[in-house]
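Enquirer: If you read the sequence shown in the working numbering, its first letter stands for residue 6, the second for the next number, and so on.
C-beta atoms are modelled at their ideal positions from N, C-alpha and C, and glycine is treated no differently.
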Amino acid sequence: MKMRNRTKFHIQSLNQEKLLSKLCKLVPLEEIERKNKLESSFECSYFDSKRVEKFLKNNNVKILDVKHFGLAFQCKRVLSAYGLLLAVVVFLVFYLVQNQFVLQYQVNGTEKLDKFEVVEFVKDNFSSRKSDIATDEVEVKLMEKFDEISFVSCIIKGQTLVLNIKEKLLPDEMYSTFSPIVAQKDGKITKIDLISGTANVEVGDIVQKGDILVSPYMIDTSGNVKHVETRAEILAQVFNEGSCDHYESFIQVERTGKKVEESEVTLFGLSIYKFKQDVNFSLYEVEYENIDLTNNLFLPFKLKKTIYYELEEKVVESKFEDVQDEYIAKAREKALENCENCDTIIEEFYTLRHLSGITIVNYCIVTQEQIGGTYDS
């Protein structure tokens, strides 16, 4: 936006030189441009625009367009928008009035206690006007009303009354915080060293991932259930598998070496030069490359290259016996990826399945691992 207070006139008239010379004696003119025999444009001060417009009309000059620039014109346009000013004033008054009241209630930290009951108690016993709410008094009243609350803090944030509540921890809830030990992998149990808790499996059992191995309780001599923290070391044989498929015949797509390039030069996103060739390939793949041509240049020229590579399909024949060792090694590598944090490998073996031109290699690595953990881990 131009900051100078200027007005630009676009006019249509005969004898333009004589007309502009006469107008220059009346007001200073700038940026005079003759577009053709009948049309011209010029600029003058915004404060002289009314005198210029009157002069042009008195001389029967056709005004094609008038544009105003500058801070004075913008201020006049804003001040003339009475509806906008009225809306701003009404909004400010409404905002200042409603900002004095609490419109929302937020309750955090409750599990057993009903949030709706807490909010209704606060609404019934305290005003919604911010200036009338004593936060310390709200805290005291809530502690007296609800026995489940052990601590509460109250703050007013904007137009929201925030209540942070900590509930009392009952004995039954303390016990429920103990977590069971669960299987982290599928396997066969080989050793259980139980320290605390009740074991749900025995040596030799087959377990799946997620099964509960040790429960967080014990039964004393009187037959009473006592909740305890689970602690145990559980080892198992874990079967880590990996597979790889071999096809006796498959189609392989390769590049032939032929290519076609297209180039396009752009400036500010507009194409200013384009070189394009016909792509006669029946099968191809495309790569794109964008290059900035801004070295030693002021304007941001960019070059976009599109490269079409011809492809051809080849039928590849492969006998499994020739590449058997390679596919067994690939299957073993996939099986090793499943052996996390394991240093003890007990056994390794693989199996082959032949299905109408497809050979499936399954490789299994049997490891000794500790598989016990909590749900969180």
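What residues in its chain sit with their C-beta under 6 Å from that of L34, if we drop five residues either side in the sequence?
Expert: These residues qualify, in order along the chain: F47 and C49.
Enquirer: What did DSSP end up calling D119 once you bin it into helix, strand or coil?
Expert: If DSSP states are grouped into helix, strand and coil, D119 belongs with coil.
Enquirer: Roughly how many angstroms separate the alpha carbons of S54 and T271, rounded to a whole number?
Expert: Those two C-alpha atoms are separated by around 41 Å.
Enquirer: Could you tell me whether the segment 311-319 touches the segment 153-161, where touching means 3 or more Cβ pairs closer than 8 Å?
Expert: Counting Cβ pairs under 8 Å, fewer than three are found: no touch.
Enquirer: Per DSSP, what kind of secondary structure is D297 in: helix, strand or coil?
Expert: D297: strand per DSSP, three-state reduction.
Enquirer: On the DSSP letters alone, give me the boundaries of the alpha helix (DSSP H) that T140 sits inside.
Expert: T140 -> alpha helix (DSSP H) spans T140 to K150.
Enquirer: Would DSSP call V270 helix, strand or coil?
Expert: DSSP places V270 in strand when its eight states are reduced to three.
Enquirer: Tell whether a beta-carbon distance below 8 Å holds between K309 and E269.
Expert: Taking 8 Å as the Cβ cut-off, K309 and E269 qualify as a contacting pair.
Enquirer: Would you call V291 buried or exposed, if buried means 16 or more other Cβ atoms sit within 10 Å of its Cβ?
Expert: Per the 10 Å Cβ criterion, exposed.
Enquirer: Does the Cβ-Cβ distance between V212 and P221 come in under 8 Å?
Expert: Cβ distance not < 8 Å, so V212 and P221 don't count as in contact.
Enquirer: Would you call E374 buried or exposed, if buried means 16 or more other Cβ atoms sit within 10 Å of its Cβ?
Expert: The residue is buried, with at least 16 neighbouring Cβ atoms inside 10 Å.
Enquirer: Can you tell me which of the three DSSP states I16 falls into?
Expert: Strand, per DSSP.
Enquirer: Helix or strand or just coil, what does DSSP make of Q1?
Expert: The first residue shown for the chain is 6 and the last is 382, placing residue 1 beyond what the model contains.
Enquirer: Out of F151, Y252 and D297, state which residue places its alpha-carbon closest to the alpha-carbon of G274.
Expert: Ranking F151, Y252 and D297 by Cα distance to G274 puts D297 first.
Enquirer: Is it buried or exposed, L19, if we count other Cβ atoms within 10 angstroms and call 16 or more buried?
Expert: Burial call: exposed.
Enquirer: For N104, count neighbouring Cβ atoms within 10 angstroms of its own Cβ and tell me buried if that reaches 16, exposed if not.
Expert: With fewer than 16 other Cβ atoms within 10 Å, it is exposed.
Enquirer: When the distance is taken between beta carbons, is I170 closer than 8 Å to N113?
Expert: A contact, by the Cβ cut-off of 8 Å.
Enquirer: DSSP three-state label for Y180, please.
Expert: Unreliable placement is indicated for Y180, whose pLDDT of 45 sits below 50; the coordinate value is still reported in the next sentence. If DSSP states are grouped into helix, strand and coil, Y180 belongs with the helices.
Enquirer: May I ask you to verify whether the segment 61-78 touches the segment 92-99, counting CB pairs closer than 8 Å and requiring at least 3?
Expert: Taking 8 Å as the limit for Cβ pairs, the verdict is that the segment 92-99 does not touch the segment 61-78.
Enquirer: Find the nearest neighbour of T261 within the set S287, A237 and K23, judged by alpha-carbon distance.
Expert: Minimum Cα distance to T261 is reached at S287.
Enquirer: Enumerate in chain order the residues of its own chain whose CB-to-CB distance from P185 is below 7 Å, with the five nearest sequence positions on each side excluded.
Expert: I217, V219, S220, P221 and T235.
Enquirer: Taking the alpha-carbon positions, what's the K81 to I16 distance?
Expert: The straight-line gap from Cα to Cα measures roughly 24 Å.
Enquirer: Once DSSP output is grouped into helix, strand and coil, what is the label at S133?
Expert: If DSSP states are grouped into helix, strand and coil, S133 belongs with coil.
Enquirer: Compare the C-alpha of K264 against each of I256, K281 and Y252 and name the closest.
Expert: Minimum Cα distance to K264 is reached at K281.
Enquirer: Give a yes or no on contact between the segment 243-251 and the segment 203-210, applying the rule of three or more CB pairs nearer than 8 Å.
Expert: As far as the Cβ criterion goes, the segment 243-251 does not touch the segment 203-210, which means the pair count is below three.
Enquirer: Given a threshold of 16 other Cβ atoms within 10 Å of its Cβ, counted over all protein chains shown, does C249 qualify as buried or as exposed?
Expert: Buried, because 16 or more other Cβ atoms sit within 10 Å of the Cβ of C249.
Enquirer: Relative to the alpha-carbon of L43, which residue among E338, I333, K23 and L31 has its alpha-carbon at the smallest distance?
Expert: Comparing Cα-Cα distances from L43 to each of E338, I333, K23 and L31, the minimum goes to K23.
Enquirer: Give me the Cα-Cα distance between F255 and I350, rounded to the nearest whole angstrom.
Expert: Going from the Cα of F255 to the Cα of I350 covers about 36 Å.
Enquirer: To the nearest angstrom, how far is it from the Cα of I197 to the Cα of E238?
Expert: Their backbone Cα atoms lie some 6 Å apart in a straight line.
Enquirer: Once the 5 residues before and after Y278 are set aside, which same chain residues still bring their CB inside 6 Å of it?
Expert: V270, listed in sequence order.
Enquirer: At the level of alpha carbons, what is the spacing between E294 and K307?
Expert: Going by the C-alpha atoms only, they are around 11 Å apart.
Enquirer: Which of the three DSSP states, helix, strand or coil, is assigned to V243?
Expert: Strand, per DSSP.
Enquirer: From F151 to D137, what does the alpha carbon distance come to, in whole angstroms?
Expert: If I take the Cα positions, the gap works out to 23 Å.
Enquirer: Do you know offhand how far T299's Cα is from H73's?
Expert: Straight-line Cα distance between these residues: approximately 37 Å.
Enquirer: Can L199 and V107 be called in contact, C-beta distance under 8 Å?
Expert: Against a cut-off of 8 Å, the Cβ pair of V107 and L199 comes out as no contact.
Enquirer: So for F286, helix, strand or coil by DSSP?
Expert: F286: coil per DSSP, three-state reduction.
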